[in-house]
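*Asks:* Per the numbering used here, the very first residue in the sequence shown carries number 673; after that it's consecutive. Virtual Cβ for every residue (Gly too), placed ideally from N, Cα, C. Right, I'll just put the structure down here and ask away after.
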Amino acid sequence: MQEERECLGVTILGSTGSIGESTLDVLSRHEGRYQIVALTANSNSAKLFEQIQRYKPKYAVLCSDAAANELRSQVKSAGISTDVLAGAGALCEVAALDEVGCVMAAIVGGAGLLPTLAAVHAGKKILLANKESLVMSGGLFMEAVEKSGAELLPIDSEHNAIFQCLPAQAQEFSAKRSRSQRKTLDQLGIARILLTGSGGPFRQTPISSLDNVTPDQACAHPNWSMGRKISVDSATMMNKGLEFIEACWLFDAKPSQVEIVLHPQSVVHSMVEYIDGSVIAQMGHPDMRTPIAYGLGWPDRIASGLPLLDLVKVGGLHFEEPDFVRFPGLKLSRWAMEAGKSASIVLNAANEVAVEAFLNERISFTAITEVIDHVLQGADLVNPVDIDTVLAEDRSARGLAERRVIQLALN
Ligand code: NAD
Ligand code: MG
């Protein structure tokens, strides 16, 4: 007999994005089990309005007052009772509502930090897609999870895979951060974490032509369909660099315990290697609905809407070493994690500014990592003792990066 369960209230931060839409797709297959309480977007009011019409959330948030006013009257005219709120403060409010048990953190970039932390402080079940917030606030984020009793489930496909490959009791400790019961990777018999990455669209492009690639070419990922920022990050492999830092924080791993392996098919989403020689891998389609369904259902399994994986059709699995010359961001990320202090904040901020400048065709593709390298070299690293320090470091690195972009700007 099916166990009676309470309906779980869900807020989706960034519901109009790629992860947001995949989350809605999974949720719509499980009506009765989840209740959509709040949906949020930066400025895409047309898509948010469509989502309001379909899912009738109690709250919707847009970042600008003007856009929210317009949406409010549209919602009213349609006879829908959704309360439309505006501004960054409202994002934090809907992440912390009493009636919300679960928050999907799917805003892109550093803008996701405060709303995600608001959900953490309120002790919610956090489905973490917004890797930038963890890269920025690292130890402070993990301490806040432990203190508030929040539950942290990685949605990034690699980290979700690693989580799935942990021993069952370690998953419980990992999600709940219960320090007293937590074991180190060594105590769990884990030799290393193998973080896989496809290598993106330019894995085999001659290095000499990378200078001239366009934003559309960089966003055309061979396996995954994603937002533009993470698509460019995948093309530079800065995404893997950010994920390397993310893995160190999520699984209490030393940088030397995480290895990046290229796997162009994106079928193995990452692996955990144990001291007895066993390598446990999680496989699946390159579709975020699987990790999203895993996070929503955990510790149960729920359907994601995807067909079963046809391994015969996949044929072969191929692995290779990453090319650190082609992808300098991999070394910069490892350096930042090892350097500690505010290095990861600086790395993330410079990357965001540089990616935006590349997408706006102000700098070339190869200038992205050049900007990051330059800013890391020029930054005075400090100890990020609290979130205000994190935000100040983020702002100052963005300023340095913007100055470098101006120097490198294409004519
Ligand atoms: P996206 O660009 O498709 O969507 C971003 C969402 O964030 C949108 O809803 C947008 O309105 C909102 N947003 C953007 N700027 C905002 C701001 N300043 N304030 C409030 N809201 C804002 O991005 P995505 O691909 O869905 O990625 C979202 C996050 O998930 C990123 O951190 C990304 O690294 C991570 N992630 C994505 C994928 C993927 O397959 N797309 C996989 C793993 C991790
Ligand atoms: Mg990923």
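Where does residue 687 fall in DSSP's three states?
*Replies:* The answer is coil: DSSP assigns residue 687 none of H, G, I, E or B.
*Asks:* Helix, strand or coil: how does DSSP classify residue 1082 here?
*Replies:* coil
*Asks:* Note down, in chain order, each residue of its chain lying with its Cβ closer than 6 Å to the Cβ of residue 1100, except the 5 sequence neighbours on either side.
*Replies:* Nothing can be reported for residue 1100: it is not among the residues displayed for the chain, which extend from 673 to 1083.
*Asks:* Is the beta carbon of residue 1076 less than 8 Å from the beta carbon of residue 1047?
*Replies:* yes
*Asks:* As a quick exercise: from 845, 896, 763, pick the residue whose alpha carbon is nearest that of residue 869.
*Replies:* Measuring C-alpha to C-alpha distances from residue 869 to each of 845, 896, 763 identifies 896 as the nearest.
*Asks:* Please classify residue 696 as buried or exposed, where buried requires at least 16 other C-beta atoms within 10 Å of its C-beta.
*Replies:* buried
*Asks:* Mind checking residue 1030: buried by the 16 CB within 10 Å criterion, or exposed?
*Replies:* Counting C-beta atoms within 10 angstroms of its own C-beta, residue 1030 has 16 or more neighbours from the protein chains shown and is therefore classed as buried.
*Asks:* Please report how far the alpha carbon of residue 765 lies from the alpha carbon of residue 867, in whole angstroms.
*Replies:* 35 Å
*Asks:* Taking 7 Å as the cut-off, is the beta-carbon of residue 763 closer than that to any non-hydrogen atom of the ligand NAD?
*Replies:* yes
*Asks:* Just the C-alpha distance for residue 795 and residue 1082, rounded to the nearest angstrom, thanks.
*Replies:* In a straight line, the C-alpha of residue 795 is about 46 Å away from that of residue 1082.
*Asks:* Evaluate residue 1004 with the Cβ neighbour count: other Cβ atoms within 10 Å of its Cβ, from every protein chain shown; 16 or more gives buried, anything less gives exposed.
*Replies:* buried
*Asks:* Alpha helix (DSSP H) containing residue 931: first to last residue?
*Replies:* No alpha helix (DSSP H) holds residue 931; the beta strand (DSSP E) holding it covers 930-934.
*Asks:* Could you name the residues that DSSP lists as bridge partners for residue 776?
*Replies:* 684, 799
*Asks:* In whole angstroms, what is the alpha-carbon distance linking residue 673 and residue 819?
*Replies:* Reliability fails at residue 673, whose pLDDT of 45 lies under 50, so the model's placement of it is uncertain and the value that follows must be treated cautiously. Going from the Cα of residue 673 to the Cα of residue 819 covers about 36 Å.
*Asks:* Can you look up residue 943 in the DSSP assignment and give me helix, strand or coil?
*Replies:* Reduced to three states, the DSSP call for residue 943 is strand.
*Asks:* Using a Cβ-based criterion (distance less than 7 Å to any ligand heavy atom), does residue 912 qualify as near the ligand NAD?
*Replies:* no
*Asks:* Tell me which same chain residues have a C-beta within less than 6 Å of the C-beta of residue 923, skipping the five on either side of it?
*Replies:* none
*Asks:* According to DSSP, is residue 814 helix, strand or coil?
*Replies:* The DSSP-derived three-state label of residue 814 is helix.
*Asks:* Confirm, please, whether the CB-CB distance from residue 791 to residue 780 is below 8 Å.
*Replies:* No, these two residues do not count as a Cβ contact at 8 Å.
*Asks:* Curious, which full-length beta strand (DSSP E) runs of at least 3 residues does the stretch 737-779 contain?
*Replies:* 755-758, 774-777
*Asks:* Tell me the rounded alpha-carbon separation between residue 883 and residue 908.
*Replies:* The straight-line gap from Cα to Cα measures roughly 12 Å.
*Asks:* Give me the pocket residues for the ligand MG, defined as CB within less than 6 Å of any heavy atom, sorted by chain position.
*Replies:* Output, sorted by chain position: 828, 829, 830, 915.
*Asks:* Looking at residue 688 and the ligand NAD, is the gap between the Cβ and the nearest heavy atom below 7 Å?
*Replies:* yes
*Asks:* Taking only the alpha-carbon atoms, compute the straight-line gap between residue 873 and residue 892 and give it to the nearest angstrom.
*Replies:* Taking the CA atoms as reference points, residue 873 sits about 7 Å from residue 892.
*Asks:* Taking C-alpha atoms, which residue in 721, 760, 759, 888 lies nearest to residue 667?
*Replies:* Beyond the ends of the chain as shown, which are 673 and 1083, falls residue 667; an answer cannot be given.
*Asks:* Relative to the ligand NAD, is the shortest distance from any of its heavy atoms to the C-beta of residue 896 smaller than 7 Å?
*Replies:* Taking non-hydrogen atoms of the ligand NAD into account, the C-beta of residue 896 is found less than 7 Å away from one of them.
*Asks:* Does residue 1076 come out as helix, strand or coil in the three-state DSSP assignment?
*Replies:* helix
*Asks:* Whose CA, out of 1007, 691, 685, 835, lies closest to the CA of residue 927?
*Replies:* 1007
*Asks:* Quick check: is any heavy atom of the ligand NAD less than 7 Å from the C-beta of residue 902?
*Replies:* yes
*Asks:* Thinking just about the alpha-carbon of each residue, which of 986, 1050, 715, 969 is nearest to the one in residue 737?
*Replies:* 715
*Asks:* By DSSP, does residue 673 sit in helix, in strand, or in coil?
*Replies:* Note that residue 673 scores a pLDDT of 45, beneath 50, so its modelled location is shaky and nothing firm can be said.
*Asks:* So, under 8 Å CB-CB, residue 824 and residue 800 are touching, yes? Tell me the CB distance rounded to an integer number of Å.
*Replies:* About 6 Å; that satisfies the 8 Å criterion.
*Asks:* Examine the ligand NAD and report whether any of its heavy atoms sits within less than 7 Å of the Cβ of residue 964.
*Replies:* no
*Asks:* Residues in the same chain with beta-carbon distance under 6 Å from residue 1038, minus the five sequence neighbours each way, listed in chain order, please.
*Replies:* 882, 883
*Asks:* From residue 1028 to residue 901, what does the alpha carbon distance come to, in whole angstroms?
*Replies:* 8 Å
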